[in-house]
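Asks:
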Amino acid sequence: MMAVMASTTVRVDGTEIRRRRIWLRYPQREMAAKIGMDQGYLSRLECGRRDRVSVQMLARIEAHLGRLDEPASTPRPSIPVESS
344 MMAVMASTTV
354 RVDGTEIRRR
364 RIWLRYPQRE
374 MAAKIGMDQG
384 YLSRLECGRR
394 DRVSVQMLAR
404 IEAHLGRLDE
414 PASTPRPSIP
424 VESS
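Just so you know, we're using the working numbering here: the sequence shown kicks off at 344 and counts up by one.
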């Protein structure tokens with residue numbers, strides 16, 4: 344019998360995710376693709392209809408938007424630029 348690990352989820356501020364995504368000029372579709380999330384779910388997070396993500400997803404979001412628990416005046420996060 345195989346044990347199934349429960350995924351730990353955390354509450355996130357969708358409004359802050361949206362604010363930072365727009366500030367960094369990420370279209371919602373592009374952001375969703377970068378973090379491996381369905382665009383519809385990202386939309387629901389940003390609108391407040393959903394408010395929980397897995398710890399792993401939070402890490403991916405913060406890798407692109409910066410730590411969500413830091414003040415909004417925090418400088419832009421370092422985002423690697425893909426070379427052609």
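Cβ atoms here follow ideal geometry from the backbone N, Cα and C, with glycine treated the same way.
The model shown is predicted, which means the values in this text are computed figures rather than measured ones.
With H, G and I counted as helix, E and B as strand and the rest as coil, what does DSSP make of M345?
Replies: Because the pLDDT at M345 is just 48, under 50, the model does not fix this residue reliably, and the point stays unresolved.
Asks: Tell me whether V353 is buried or exposed, calling it buried when 16 or more other Cβ atoms sit within 10 Å of its Cβ.
Replies: V353 should be labelled exposed.
Asks: I need the boundaries of the beta strand (DSSP E) containing R354, first residue and last residue.
Replies: T352 to R354 is the span of the beta strand (DSSP E), which, as asked, contains R354.
Asks: Assign R393 to one of three DSSP states: helix, strand, or coil.
Replies: DSSP places R393 in coil when its eight states are reduced to three.
Asks: Is the separation between the beta-carbon of L401 and that of E359 shorter than 7 Å?
Replies: Cβ atoms of L401 and E359: not closer than 7 Å.
Asks: Using the C-alpha atoms, what's the distance from T351 back to R362?
Replies: Computed Cα separation, rounded: 25 Å.
Asks: Once the 5 residues before and after I378 are set aside, which same chain residues still bring their CB inside 6 Å of it?
Replies: Hits under 6 Å: R403 and I404.
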